[in-house]
Amino acid sequence: MKHRTWSAAGAALLSATLLAACGGTPQPGPQVGRHSMSGVVSVPGAGTASASVETRERPQPWLQSRRQAAVPGEYLVRFKPGVRTQAQAAGLSAAGVTLTRQPGRGVFGYRLYRASGSSLAAQTAEQVRAALAARADVESVVPNLVLHAYSVPNDTLHALQWDQAMMNMHAAWDVTTGADVTVAVVDTGIVIHPDLDGKVLPGYDFVSDPASGADGDGRDADPTDEGGESDYHGSHVAGTVAASANNGEGVAGVSWGAKIVPVRVLGSAGAGSLMDILEGLWWAAGGEVEGVPQNPHPASVVNLSLGGSSACTADLQGIFDELRSWGVTVVAAAGNENEDAAGAFPANCAGVIAVGAVGPDGKRAPYSNHGPRVDVMAPGGNMNLKINVGGKSYPAGVYSTILNEQGEPVYAPYQGTSMAAPQVSGLIALLKGREPNLTAAQVLARLRATAHPLSTADCGVANGCGAGVVDAAAFLKGVAEPQPTPVPPPPTGALKTLVFALYLRGGDVNDVDAKRSQWAEVDAVRLRSPYQLRDLEEGTYAAVAWQDLDGDLEIDDGEPVGVYRDKVNLRVEDRTDVNIDLAPFETRAAALSVGQDRAALKRVMREVLQATRR
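The sequence shown maps to residues -20 to -1, 1 to 594 in mature numbering (1 follows the signal peptide of the UniProt record, and there is no 0).
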């Protein structure tokens, strides 16, 4: 094996901090006036905790014809009006082949005919079909196609995985469900989760600052994600790539056979130094890093759902060039600033596959970066929308594996180009299981050649969405196909995010004055969206944000709710730092930080809406 050694000296000048690509820096809000409250509302996927999603709804298997798949020598023949039944019953001759009618009355005027003798070659079969169609007494001929139920996993939350339907995954799994291909997830680390059992190989923790790592011991062989603001980002990414399928629970990963090497380079705040990240990347691909044991499972695919504002300098480009020469394919999130991806490292490095995000409506997600540097688009979620499955509404994010605030394994919707990149990494793992010797350049060329372009209207930027949305089935076959009509994604609808300033009489969290409270709708087009409530009376408030999934103006179980951790005192000065994280509202989360229990909070919100209805 080639000696792959990381040179720290060559990278010593590279010092920066990279954020998980489903995060990003919020834009400043409007100017704050007297007696106002403002801040940022963060949706899951932007550094917030999420709780379990429970549904038993599953789609039925979809039937669709495989290309050129038919019962050899059998044809459905419909005769022109006026052709006698006796003539229909007689044997037919076409292209030198004799066909006999099979028993049965037929359907929609079609009769089944079978060629005598041995099975026909594909070319002969087409000649027979054409000869039959050319007969003066025949109106229509259809080969007796063989239909198959696509490979549809039995995972209980698969119905929520609109992203896989959009990528034509069911048809792709009919080609292959994946082989043992190693994918490195260079991210926040990993947690123990039942849907990742047997999927995770030994990894490493490259977070050198013990305080940032929140584990007190710096670098070591334990890549466990310690939680906090990291929000188990790396585990969510890992689940998208390779969560166990057909195990009767949770979600299904893109590649059912892939294995994950977790490389922890981002700490508990979801950020990490460039040096830690580059060394983790180098190690993941099989390179040597001083003081760190060799990776026993070098990855052929590396996922980087992280990024920051930086040019791809010659030094940085050289690292990725070297990885490509080893046969490693690197996939990176394009970034979430709704700007040109040319400024987003590492997606802006040549040879790195830069992935933008689309929502369930098939349009570029409003946060996704764009521009000529984007190679392809993949589903990343749009939490401004909701999907409707089984008569219920759910946030339109990408669902995958995390832990909740109690440390329990659950599934949560996140959004971001961080969620789009592992879709592509999983697809590449599927392909490399079939064609392991493909180079990174060949993989990228096939991704682009088989993607379906986005119109300027759907992209929002002319020529800004690369080759378009990836098509998993076409990618595996290596043949561009017409726009597929795969399993239709769930219906979508607009999703409202509201923020409330609840006036507390005497500062008592159990005594809310609805008439002196206010609320506003948040323009939640970003992962972290600014808000402002003006003209608030002097006093003490509780700040609450909420997404109304079903539009009934009632807080329901599973709807994302967030409560600011402290009371907000507006007696002395305005507040510009009241930042609220949304998380699904669970029955068991009875004690909220402002003291309102579940029933009381629902009642208070209802009263405020009624008292201030516009």
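Glycine included, C-beta positions come from ideal geometry on N, C-alpha and C.
For the 7 Å CB-CB criterion, Thr220 and Pro340 do not form a contact. In chain order, Ser224 place their CB closer than 7 Å to the CB of Asp177, counting only its own chain and leaving out the 5 sequence neighbours on each side.
Within the model, the alpha-carbon separation for Pro352 versus Ser289 is close to 17 Å.
Within the region 293 to 381, the runs of alpha helix (DSSP H) at least 4 residues long that lie entirely inside it are, in chain order, 294 to 305. Annotation: the continuous beta strand (DSSP E) that includes Lys495 extends over Val492 to Val502. Minimum Cα-Cα distance from Val548 among the listed residues Gln297, Gly487, Asn349 and Val404 corresponds to Gly487. Nearest to Val171 by C-alpha distance, out of Val390, Ala442 and Ala425, is Val390. When the Cα atoms are used, Thr156 and Met147 turn out to be separated by approximately 15 Å. Looking from the CA of Ala314, the closest CA among Glu517, Ala291, Ala447 and Leu286 belongs to Leu286. About 20 Å separates the Cβ atoms of Ala238 and Val332, ruling out a contact at the 8 Å cut-off.
Distance from the Cα of Leu550 is smallest, within the candidate group Glu539, Ile535, Leu513 and Ile560, for Leu513. With 16 or more other Cβ atoms from the protein chains shown falling within 10 Å of its own Cβ, Gly19 counts as buried.
DSSP lists Val479 and Gly542 as the beta-bridge partner residues of Ala525. In this structure, the alpha-carbon of Lys343 lies about 15 Å from that of Asp451.
Taking 7 Å as the cut-off, the beta carbon of Tyr394 is found closer than this to the beta carbon of Val378. Taking the Cα positions, Pro416 is about 20 Å away from Asn275. Given a length threshold of 3 residues, the region 418 to 448 has no whole run of the beta strand (DSSP E) inside it. In chain order, Arg81 place their CB closer than 8 Å to the CB of Ala69, counting only its own chain and leaving out the 5 sequence neighbours on each side.
Boundaries for Met17: no alpha helix (DSSP H) harbours it, while the beta strand (DSSP E) harbouring it runs Met17 to Ser22, taken from the DSSP string. When the five nearest sequence neighbours on each side are left out, the beta carbons in the same chain lying within less than 7 Å of the beta carbon of Gln297 are those of Cys329 and Ala330, in order along the chain. For Ser280 and Val423, the gap between their C-alpha atoms comes out near 12 Å.
Going by beta carbons, Leu484 and Ser497 fall outside the 7 Å limit.
Cβ-Cβ distances below 6 Å link Gly183 to Pro203, Val241, Pro242 and Val243 in the same chain, with the five nearest sequence neighbours on each side left out; the list follows chain order. Residue Ser373 holds the alpha-carbon nearest to the alpha-carbon of Met363 among Val356, Ser373 and Met357.
Here Phe186 carries a coil assignment [DSSP, helix/strand/coil]. In summary, Ser509 is buried, with 16 or more beta-carbon neighbours lying within 10 Å of its beta-carbon over all protein chains present. In this chain, the beta strand (DSSP E) harbouring Val77 covers Val77 to Arg81.
Taken atom to atom, the span from the alpha-carbon of Glu534 to that of Met17 is near 24 Å. DSSP places Gly288 inside the beta strand (DSSP E), whose first and last residues are Leu286 to Ser289.
Pro416 carries a coil assignment under DSSP once its states are collapsed to helix, strand and coil. Nearest C-alpha to Gly387 among Gly208, Val57 and Trp262: Gly208.
Contact between Val449 and Ala429 does not hold, since their C-beta atoms are separated by about 13 Å, which reaches or exceeds 8 Å. Taken in chain order, the whole beta strand (DSSP E) runs of length 3 or more contained in the region 120 to 177 are 162 to 167. The DSSP-derived three-state label of Ile535 is coil. Ala525 and Ala580 have their C-alpha atoms spaced approximately 15 Å apart.
DSSP places Leu513 in the strand class (E or B) of the three-state scheme.
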